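> Residue numbers for the sequence shown, in the UniProt record's numbering: 1 to 109.
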Amino acid sequence: MMTLDQLQTELLALSPQEKAQVIQLLVSSLSGTWVGIEKTPGVMGGDACIRQTRIPIWLLVSLRQQGATEAFLLEDYPDLTAADLTNAWLYASTHQSEIEAALQRQAAA
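#1: Straight-line CA distance for Gln17 to Thr86?
#2: What's the C-alpha gap between Leu11 and Val27?
#3: Please find out if some non-hydrogen atom of the ligand FMN comes closer than 8 Å to the beta-carbon of Arg64.
#4: Once the 5 residues before and after Gly46 are set aside, which same chain residues still bring their CB inside 8 Å of it?
#5: Under the rule that 16 or more other beta-carbon atoms within 10 Å means buried, what is Asp79, buried or exposed?
#6: Among Trp58, Met44, Val43, whose alpha-carbon lies nearest the alpha-carbon of Leu103?
#7: Given a threshold of 16 other Cβ atoms within 10 Å of its Cβ, counted over all protein chains shown, does Val61 qualify as buried or as exposed?
#8: Over the uninterrupted alpha helix (DSSP H) stretch that includes Pro56, give me the two end residues.
#9: Tell me which residues share the same chain as Val35 and place their Cβ nearer than 7 Å to its Cβ, disregarding the 5 neighbours each side in the sequence.
#10: Tell me the rounded alpha-carbon separation between Ala20 and Leu14.
#11: By the DSSP assignment, the alpha helix (DSSP H) with Ser97 in it spans what residues?
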(Lines of atoms letter the chains of each structure in order from A and count residues from 1; the text may use other names and numbers.)
(Lines give C-alpha, C1' and ligand atoms only; values in the text may rest on other atoms or scores of the structure.)
Protein backbone atom coordinates (compact mmCIF):
# COMPACT_ATOMS: atom_id res chain seq x y z
CA MET A 1 0.00 0.00 0.00
CA MET A 2 1.22 3.49 -0.85
CA THR A 3 1.93 5.95 1.95
CA LEU A 4 0.51 9.46 1.89
CA ASP A 5 3.99 10.87 1.23
CA GLN A 6 4.43 8.51 -1.74
CA LEU A 7 1.01 9.46 -3.06
CA GLN A 8 1.81 13.15 -2.74
CA THR A 9 5.01 12.66 -4.75
CA GLU A 10 3.10 10.78 -7.45
CA LEU A 11 0.34 13.40 -7.59
CA LEU A 12 2.78 16.27 -7.94
CA ALA A 13 4.44 14.48 -10.88
CA LEU A 14 1.17 14.35 -12.85
CA SER A 15 0.39 16.65 -15.74
CA PRO A 16 -2.23 19.36 -15.18
CA GLN A 17 -4.77 17.31 -17.16
CA GLU A 18 -4.06 14.20 -15.07
CA LYS A 19 -4.39 16.25 -11.88
CA ALA A 20 -7.80 17.48 -13.06
CA GLN A 21 -8.84 13.86 -13.65
CA VAL A 22 -7.72 12.93 -10.13
CA ILE A 23 -9.75 15.81 -8.70
CA GLN A 24 -12.81 14.69 -10.69
CA LEU A 25 -12.35 11.13 -9.40
CA LEU A 26 -12.07 12.30 -5.79
CA VAL A 27 -15.10 14.60 -6.02
CA SER A 28 -17.16 11.85 -7.66
CA SER A 29 -16.08 9.32 -5.07
CA LEU A 30 -16.88 11.65 -2.15
CA SER A 31 -20.21 12.83 -3.54
CA GLY A 32 -21.38 9.53 -5.01
CA THR A 33 -22.18 11.22 -8.33
CA TRP A 34 -20.38 10.24 -11.49
CA VAL A 35 -20.13 12.55 -14.49
CA GLY A 36 -22.15 11.15 -17.36
CA ILE A 37 -23.37 8.11 -15.41
CA GLU A 38 -26.97 7.72 -14.25
CA LYS A 39 -28.87 5.16 -12.22
CA THR A 40 -32.60 5.42 -12.79
CA PRO A 41 -35.06 3.10 -11.03
CA GLY A 42 -37.00 1.13 -13.64
CA VAL A 43 -34.44 1.75 -16.40
CA MET A 44 -32.20 -1.21 -17.16
CA GLY A 45 -32.95 -2.65 -13.75
CA GLY A 46 -31.53 0.42 -12.05
CA ASP A 47 -28.03 -0.41 -13.31
CA ALA A 48 -25.57 2.39 -13.97
CA CYS A 49 -25.95 3.63 -17.56
CA ILE A 50 -24.37 6.23 -19.79
CA ARG A 51 -26.24 9.53 -19.38
CA GLN A 52 -29.59 9.73 -21.16
CA THR A 53 -29.23 6.27 -22.73
CA ARG A 54 -30.11 2.72 -21.90
CA ILE A 55 -26.51 1.60 -22.36
CA PRO A 56 -25.41 -0.02 -19.10
CA ILE A 57 -21.81 0.21 -17.96
CA TRP A 58 -21.65 -3.55 -17.47
CA LEU A 59 -22.46 -4.04 -21.17
CA LEU A 60 -19.58 -1.81 -22.24
CA VAL A 61 -17.26 -3.64 -19.83
CA SER A 62 -18.42 -6.99 -21.19
CA LEU A 63 -17.84 -5.91 -24.78
CA ARG A 64 -14.40 -4.60 -23.88
CA GLN A 65 -13.55 -7.92 -22.16
CA GLN A 66 -14.57 -9.67 -25.38
CA GLY A 67 -12.09 -7.58 -27.34
CA ALA A 68 -14.15 -4.65 -28.58
CA THR A 69 -12.05 -1.55 -29.13
CA GLU A 70 -13.14 1.95 -28.22
CA ALA A 71 -13.32 2.74 -31.93
CA PHE A 72 -15.71 -0.19 -32.42
CA LEU A 73 -17.88 0.88 -29.48
CA LEU A 74 -18.09 4.46 -30.73
CA GLU A 75 -19.03 3.21 -34.20
CA ASP A 76 -21.52 0.62 -32.95
CA TYR A 77 -23.12 3.04 -30.46
CA PRO A 78 -23.26 6.40 -32.27
CA ASP A 79 -24.82 8.13 -29.24
CA LEU A 80 -21.63 7.49 -27.26
CA THR A 81 -18.71 9.87 -27.11
CA ALA A 82 -15.10 9.25 -26.16
CA ALA A 83 -15.83 11.10 -22.90
CA ASP A 84 -18.69 8.65 -22.21
CA LEU A 85 -16.28 5.74 -22.52
CA THR A 86 -13.74 7.44 -20.26
CA ASN A 87 -16.48 7.97 -17.67
CA ALA A 88 -17.64 4.37 -18.06
CA TRP A 89 -14.15 2.93 -17.52
CA LEU A 90 -13.59 5.18 -14.51
CA TYR A 91 -16.94 4.17 -13.01
CA ALA A 92 -16.25 0.48 -13.69
CA SER A 93 -12.80 0.65 -12.09
CA THR A 94 -14.20 2.20 -8.92
CA HIS A 95 -17.30 -0.02 -8.75
CA GLN A 96 -15.80 -3.39 -9.64
CA SER A 97 -18.01 -5.51 -7.38
CA GLU A 98 -21.16 -3.82 -8.72
CA ILE A 99 -20.11 -4.43 -12.34
CA GLU A 100 -19.07 -8.03 -11.65
CA ALA A 101 -22.44 -8.72 -9.99
CA ALA A 102 -24.28 -7.26 -13.00
CA LEU A 103 -22.17 -9.37 -15.39
CA GLN A 104 -22.94 -12.49 -13.35
CA ARG A 105 -26.68 -11.68 -13.39
CA GLN A 106 -26.57 -11.33 -17.17
CA ALA A 107 -24.65 -14.59 -17.59
CA ALA A 108 -27.24 -16.40 -15.49
CA ALA A 109 -30.19 -14.93 -17.38
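Using N, Cα and C, we set each Cβ at its ideal position, and we do this for glycine too.
Only a predicted model underlies this, so the values are computations on that prediction, with no experimental measurement involved.
Taking the geometry as given:
#1: The residue given as residue 17 occupies position 17 in the sequence shown. The residue given as residue 86 occupies position 86 in the sequence shown. Rounded to whole angstroms, Gln17 to Thr86 spans 14 Å at the Cα level.
#2: Your numbering for residue 11 matches position 11 in the sequence shown. Your numbering for residue 27 matches position 27 in the sequence shown. Answer to the nearest angstrom: the Cα atoms are 16 Å apart.
#3: Among the ligands in the structure shown, none appear at all, so the ligand FMN cannot be discussed.
#4: Locating residue 46 in the sequence shown gives position 46, where the first residue counts as 1. Non-local beta-carbon contacts of Gly46 in its own chain, meaning distances under 8 Å to residues more than five positions away in sequence, involve Lys39, Thr40 in chain order.
#5: Within the sequence shown, the letter at position 79 stands for residue 79. Exposed.
#6: On the sequence shown, position 103 is the one that residue 103 refers to. Here the closest residue by C-alpha is Trp58.
#7: Translated into the one-based positions of the sequence shown, residue 61 becomes position 61. Counting other Cβ atoms within 10 Å of its Cβ, Val61 reaches 16 or more and is therefore classed as buried.
#8: For the purposes of this step, residue 56 is identified with residue 56 of the sequence shown, where counting begins at 1. Per DSSP, Pro56 belongs to no alpha helix (DSSP H) and is neither H nor E.
#9: Mapped onto the sequence shown, residue 35 falls at position 35. Same-chain partners within the cutoff: Gln24, Ser28, Asn87.
#10: Sequence index remark: in the sequence shown, residue 20 carries index 20 (1-based). Sequence index remark: in the sequence shown, residue 14 carries index 14 (1-based). Going from the Cα of Ala20 to the Cα of Leu14 covers about 10 Å.
#11: Here residue 97 corresponds to residue number 97 of the sequence shown, with the count starting at 1. Counting along the chain, the alpha helix (DSSP H) containing Ser97 begins and ends at 96-108.
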